[in-house]
Ligand code: 5RP
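Residue numbers (this note's numbering): 500 to 724.
Rendered as C-alpha cells:
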C-alpha cells in the first residue's frame with residue numbers, strides 16, 4: 500500500500516468534519532487548503548445546511564462557486580460549528596493560524612461559533628508552538644512601531660511580502676510574521692500581543708482554541724478533544 504499524500508490526509512479530515520455539521524444550520528468556514536477540501540465536501544451536502552459564513556474573500560468565492568449561500572456575519576447570532584485548518588496545533592487545542600493571512604476574520608467567525616473544529620494533517624501537531632512564524636495583522640501605519648515592540652518577545656519580526664510587495668489582507672492591513680519563537684504560554688502571549696496598539700489580531704488561538712481536532716495520520720483520522 501502506498502503512503503497517503505498530505506493532500507489525501509487533508510481530504511480525509513475534511514470528510515470527517517462533515518459529521519460535525521448540523522442539519523438546517525449555518526456553518527462557519529475557514530481558509531486555506533484544508534478548508535478548501537472541507538468546502539468541496541460541504542458542497543456534497545449543501546441541501547442539508549442553511550448556508551455558511553466565510554472567513555475570507557477566497558473562501559466566500561469558493562462557497563459561492565458551489566452555490567452555497569454565504570451569510571454576512573452581522574446576520575448571524577450563533578452557529579454550531581466553525582471548521583478550519585491550522586498551521587500548528589498542540590494536543591490542548593492551542594493553535595497558530597494565519598499562514599493564509601485570514602487570521603482576523605477567522606478569529607471573528609470562530610468567536611460566534613459554539614465549537615471550533617480544527618482539521619489538519621498530522622504534521623501540524625506540535626508539543627510547543629512557534630516553529631511556524633507567528634502571524635500578526637497590523638494597521639499599516641503602525642507597522643514599524645509594532646515591529647519594534649514585538650522584539651521583546653524574542654522572535655524576529657518580518658513584514659510579509661507577496662509578489663514583491665507587502666501583502667495586504669482582506670481588511671486592508673499588513674502582516675508581520677514573528678519568526679523563531681518558543682511559545683510556552685500561548686494564552687499569555689496572545690493577551691500581551693493583543694494589547695500592543697496597532698495590532699489588529701495575533702494568530703494565536705489559545706484563549707479560545709480548538710474544541711475538537713481531527714488529525715489526519717497514516718493510521719486514519721485521530722480525534723483529539
Ligand atoms: C489561513 C489559516 C489556515 O488555516 C492555515 O494557514 C492552514 O492552512 P492549510 O490548510 O493550507 O495548511 O490560518 O489564514
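No residue lacks a Cβ here, since even glycine has one placed at the ideal position from N, Cα and C. All figures in this text were calculated on a predicted structure; none of them were measured in a lab.
- Message: Within 10 Å of its beta-carbon, does residue 643 have 16 or more other beta-carbons around it, so buried, or fewer, so exposed?
- Response: Indexing the chain shown from 1 puts residue 643 at position 144. An exposed status is given to residue 643, since fewer than 16 other beta-carbon atoms sit within 10 Å of its beta-carbon.
- In whole angstroms, what is the alpha-carbon distance linking residue 804 and residue 650? With the chain running from 500 to 724 in the structure shown, residue 804 is simply not present.
- Task: Count the other C-beta atoms from every protein chain shown that fall within 10 angstroms of the C-beta of residue 619, then say buried if there are 16 or more, exposed otherwise.
- Result: In the chain shown, the residue the question calls residue 619 occupies position 120. With 16 or more Cβ atoms within 10 Å of its Cβ, residue 619 is classed as buried.
- Is there contact here, the segment 595 to 604 with the segment 697 to 709, by at least three beta-carbon pairs under 8 Å? Pairwise C-beta distances place the segment 595 to 604 in contact with the segment 697 to 709, as three or more of them are shorter than 8 Å.
- Task: Check whether the Cβ atoms of residue 525 and residue 541 lie closer than 8 Å to each other.
- Result: Counted from its first residue, the chain shown places residue 525 at position 26. Counted from its first residue, the chain shown places residue 541 at position 42. Going by C-beta atoms, residue 525 is not nearer than 8 Å to residue 541.
- What runs of the alpha helix (DSSP H), each 4 residues or longer, lie entirely inside the segment 651 to 697? Within the segment 651 to 697, the complete alpha helix (DSSP H) runs of at least 4 residues are 685 to 693.
- Task: Work out the CA separation of residue 605 and residue 657 for me, nearest whole Å.
- Result: Within the chain shown, numbered from 1, the residue matching residue 657 stands at position 158. Within the chain shown, numbered from 1, the residue matching residue 605 stands at position 106. It is roughly 22 Å from the alpha-carbon of residue 657 to the alpha-carbon of residue 605.
- Query: Tell me the DSSP bridge mates of residue 632?
  - Reply: The residue labelled residue 632 in the question sits at position 133 within the chain shown. Bridge partners of residue 632: none, in fact.
- Message: Just to confirm my understanding: we take residue 559, look at its own chain, exclude 5 residues before and 5 after, and list those with CB closer than 7 Å. What are they?
- Response: Within the chain shown, residue 559 is the residue found at index 60, counting from 1. Cβ within range, chain order: 553 and 569.
- How is the beta strand (DSSP E) around residue 583 delimited, first residue to last? To locate residue 583, count along the chain shown from 1; it is residue 84. DSSP places residue 583 in the uninterrupted beta strand (DSSP E) bounded by 578 to 583.
- Using 10 angstroms around the beta-carbon of residue 510, count the other beta-carbons present and answer buried if the total reaches 16, otherwise exposed. Mapped onto the chain shown, residue 510 falls at position 11. Burial call: buried.
- Message: Would residue 531 and residue 592 qualify as a contact pair, given that the criterion is a beta-carbon distance under 8 Å?
- Response: Counting from one through the chain shown, the residue named residue 531 turns up at place 32. Counting from one through the chain shown, the residue named residue 592 turns up at place 93. No; because the gap between Cβ atoms is not below 8 Å, this pair is not in contact.
- Outcome for residue 696 when other beta-carbon atoms lying within 10 angstroms are tallied against a minimum of 16: Locating residue 696 in the chain shown gives position 197, counting from the first residue. Around the beta carbon of residue 696, fewer than 16 other beta carbons lie within 10 angstroms, which makes this residue exposed.
- Query: Do you know offhand how far residue 636's Cα is from residue 723's?
  - Reply: Translated into the one-based positions of the chain shown, residue 636 becomes position 137. Translated into the one-based positions of the chain shown, residue 723 becomes position 224. Distance between the alpha carbons of residue 636 and residue 723 is about 29 Å.
- Closest Cα partner of residue 589 within the set 502, 576 and 685: Here the question's residue 589 lines up with position 90 in the chain shown. Residue 589 has its Cα closest to that of 685, out of 502, 576 and 685.
- Residues sharing a beta bridge with residue 587, DSSP: Your numbering for residue 587 matches position 88 in the chain shown. According to DSSP, residue 587 bridges with 595.
- Task: Between the Cα of residue 678 and those of 609, 562 and 628, spot the shortest distance and give me the residue it belongs to.
- Result: Locating residue 678 in the chain shown gives position 179, counting from the first residue. Nearest of 609, 562 and 628 to residue 678, Cα basis: 628.
- Three-way DSSP call (helix, strand, coil) for residue 571 in this model: Residue mapping note: residue 571 aligns to position 72 of the chain shown, counting from 1. Note: residue 571 maps to coil in three-state DSSP.
- In whole angstroms, what separates the C-alpha of residue 654 from that of residue 523? Reading the chain shown from its first residue, position 155 is the one you call residue 654. Reading the chain shown from its first residue, position 24 is the one you call residue 523. Rounded to whole angstroms, residue 654 to residue 523 spans 45 Å at the Cα level.
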